[in-house]
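Encoded as structure tokens, the structure appears first; notes follow it.
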Amino acid sequence: MEIKRLNSRLFSSPQLEFFKELAICLSLGFTVRLIPELLALDSPIGYDTLYYALRIKNGVIWVHWSQFFTSSWLLYAILIPIYKLLRPEPFILLKFFGPLLFGLNTAAMYLYSRLALGWSWRDSFLAAFLFSLQLASLRISWDLLRNTLGMALLLFSLYLIEKVDSKVGLICFSFFSILTVFAHELAAVTLIFIISFLVIHTLIGKERNFNFRGLLLGFIPSLTFFLVGMYFRFFPVHYKVESAYAVIGVKDTVLSRVSGLFFLVNYLAMSTPIDFYGSYLELFLSVTVLFCLLYLPYLFLVLKGYFKHKILDAWTGLLILGSFNCLVSPFCALFYWHRWMFMLVYPFTFYAVKGIQELHKKNLYFKNMNLRNFFANLNRKTKVSVFITVSLGFIYLATPFLMTTAYIGIFSIYPACRYFTSAPAIPYQDVDGVIQAFSWISKNVDNSSCLILHDAFYYWGMLYLNSSPTIVHFKCNVSMAVDTALSQGFNSIYFVWWNQNIGWYNFNLPDSFVPIKNFGRISVFKYKAA
-7 MEIKRLNSRL
3 FSSPQLEFFK
13 ELAICLSLGF
23 TVRLIPELLA
33 LDSPIGYDTL
43 YYALRIKNGV
53 IWVHWSQFFT
63 SSWLLYAILI
73 PIYKLLRPEP
83 FILLKFFGPL
93 LFGLNTAAMY
103 LYSRLALGWS
113 WRDSFLAAFL
123 FSLQLASLRI
133 SWDLLRNTLG
143 MALLLFSLYL
153 IEKVDSKVGL
163 ICFSFFSILT
173 VFAHELAAVT
183 LIFIISFLVI
193 HTLIGKERNF
203 NFRGLLLGFI
213 PSLTFFLVGM
223 YFRFFPVHYK
233 VESAYAVIGV
243 KDTVLSRVSG
253 LFFLVNYLAM
263 STPIDFYGSY
273 LELFLSVTVL
283 FCLLYLPYLF
293 LVLKGYFKHK
303 ILDAWTGLLI
313 LGSFNCLVSP
323 FCALFYWHRW
333 MFMLVYPFTF
343 YAVKGIQELH
353 KKNLYFKNMN
363 LRNFFANLNR
373 KTKVSVFITV
383 SLGFIYLATP
393 FLMTTAYIGI
403 FSIYPACRYF
413 TSAPAIPYQD
423 VDGVIQAFSW
433 ISKNVDNSSC
443 LILHDAFYYW
453 GMLYLNSSPT
463 IVHFKCNVSM
473 AVDTALSQGF
483 NSIYFVWWNQ
493 NIGWYNFNLP
503 DSFVPIKNFG
513 RISVFKYKAA
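Position 402 (the sequence shown) corresponds to 394 in the numbering used here; numbering is contiguous.
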């Protein structure tokens, strides 16, 4: 009887209820993000997933000691030991870990809403729900796994800012902020910017809502690692990387760095597979279309719900700067404007939920409503806004199915499609053909030959070539790749590409290549001199 009473007390404690709520939010994010993985069957989703799989298979966390400071290695430090211990297929491991990371982000959104913003469980769950079904958050989780991990750790770090007055809180804040720096560059920059903003604001305004000395003490380790990493980026340590494959890289892309600063670029002069703009009008159109697609459906809720909060103010200001400064100064702007824009989903979700609160705060029963009645009592404009936002998220989740059937989806909306990389570099229906093509090359092409690979096929080749000819890797300019291969004097030159024009990558195969082996829509081509 006493044990029963004790169990009853334990299971009704507020702490246990909170952890149950966190578990529900984690399960929500995990389940939502698992949908495209199941639809894709055994194929990976997203472009960068191939690179993650290759890193896992190679089993190397740091190639050189300086990479401890200059690379975002935390994800590999987690995945590689798991791979070495359990030996699953890299793609299977990523299919589980991607949804798990997204669930962690969803739970972190709930935690920050509940404990840092002081919202009710219902409003906090609404923030987690809206976040889990948004186009921008799903895009980050699709194949930007380092970014996804970094943002979850960033949310935990920001929550712990107000806990640094205790020893446990100080240690936890310092620990999570260090992990954030090692998880992803953009999450690290965000953390450093927000903490610096709080410190400067406190020194100027003399307003202290937190333990100032504790914050500085906990911030020093992560700041030190960040600054050392910046030093080695400006003054890199040169080293040789040993590879099992002979690879010749063709320098056919232009990043157009500004004044030697790696984080500032000239967008009108750069040419990469994602960022290529023929004019300012094209850049303006790309930024505008992507922003409207991501946030226009619920932007009025964001504007309505904006509230002053030092951390969110600094965070939103940095993200808006990163997203739109390319339109103000296209010749000198922060790199990856689209990545900054995707991350706007975090503060925008908080503002949107606050907007819903503001629109319905006059309802006498608002505080006592359950979730079903709450959604039923939203006004029509809010319902339409949430419906469109969630519908876009579901359309994106269905990408593996839509790409192989209707061929209509987010991936087909110009010019925003280039920023989504929905497929694993190639359409899902061609995955088996690509694997078969590289298996055939492993058996039939000797080491005295050369294999030219476009960036779309490069990581597939590195994953599935058992014994490899010399690889010539290019991203944009096939003529430079062919000239490079010819200048090396190889006996034979091969190429892997589609045997019909599917309209991808704005690329046409040179006439000098003829197909010698077909695998569905994928063929192995061989160079024939004129």
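Built from N, CA and C at the ideal position, the CB exists for glycine as well.
The DSSP-derived three-state label of N458 is coil.
Between L85 and L71 the beta-carbon gap is near 6 Å, inside 8 Å, which marks them as a contact. Looking at the DSSP output, N510 bridges to S515. By the Cβ neighbour-count rule, L195 is exposed, with fewer than 16 other Cβ atoms within 10 Å of its own.
The way I'd put it, the segment 205 to 219 doesn't touch the segment 96 to 106; fewer than three beta-carbon pairs between them come closer than 8 Å. Burial is judged here by how many other beta carbons sit within 10 angstroms of a residue's own beta carbon; I400 has fewer than 16 and is exposed. Counted as a single uninterrupted DSSP element, the stretch harbouring W307 is not any beta strand (DSSP E) but the alpha helix (DSSP H) occupying residues 302 to 320.
W490: member of the beta strand (DSSP E) spanning 485 to 490, first to last residue. Assigned with DSSP and collapsed to three states, V55 falls in coil, not helix or strand. In this structure the segment 121 to 129 does not lie against the segment 37 to 52, because fewer than three pairs of beta carbons, one per stretch, are closer than 8 Å. At the C-beta level, L178 and N139 come within 8 Å of one another. Residue pairing of F466 in beta bridges, as defined by DSSP: H446.
If you draw a straight line from the Cα of F276 to the Cα of L78, it is about 48 Å long. Excluding sequence positions up to five before and after A120, its CB lies within less than 7 Å of the CB of C17, L20, T98, M101, Y102, all in the same chain and listed in chain order. Where V239 is concerned, the enclosing beta strand (DSSP E) starts and stops at 239 to 241. Scanning its chain for C-beta atoms nearer than 7 Å, with the 5 sequence neighbours on each side dropped, one finds around T182 the residues L146, W307, L310, in chain order. Secondary structure at F227: coil, using DSSP grouped into helix, strand and coil. DSSP lists V246, F268 as the bridge partner or partners of S263. Put simply, of I303, L93, F379 the residue whose alpha carbon is nearest the alpha carbon of L190 is I303. Positions of the alpha helix (DSSP H) runs, each at least 4 residues long and wholly inside the segment 362 to 415, are given as 363 to 368, 372 to 389, 391 to 396 in order along the chain. Taking I494 as the centre and dropping the five residues before and after it, the same chain places the C-beta of P419, R513 closer than 8 Å to its C-beta, in chain order.
Within the same chain, Y151 come within 7 Å of L107 by CB-CB distance, once the 5 residues on both sides are set aside. Residue nearest to F499 within the set A448, F482, F283, D475 is A448 (criterion: CA-CA distance).
Three or more Cβ pairs closer than 8 Å define a contact, and the segment 386 to 402 falls short of that threshold against the segment 470 to 483. Within the segment 43 to 97, the alpha helix (DSSP H) runs of at least 4 residues that lie entirely inside it are, in chain order, 59 to 62, 66 to 78. Taken through DSSP and simplified to helix, strand or coil, V156 comes out as coil. For the pair K49 and L455, the CB atoms are nearer than the 8 Å cut-off. Within the model, the alpha-carbon separation for F60 versus F217 is close to 9 Å. Contact holds between the segment 320 to 328 and the segment 253 to 261, because three or more Cβ pairs, one in each stretch, are under 8 Å apart. Boundaries of the beta strand (DSSP E) around F254: 253 to 257. H330 counts as buried, since no fewer than 16 other beta carbons sit within 10 angstroms of its beta carbon.
For V294, the enclosing alpha helix (DSSP H) stretches over residues 291 to 297. The distance from the Cβ of D135 to that of Y39 is about 6 Å, consistent with a contact at the 8 Å cut-off.
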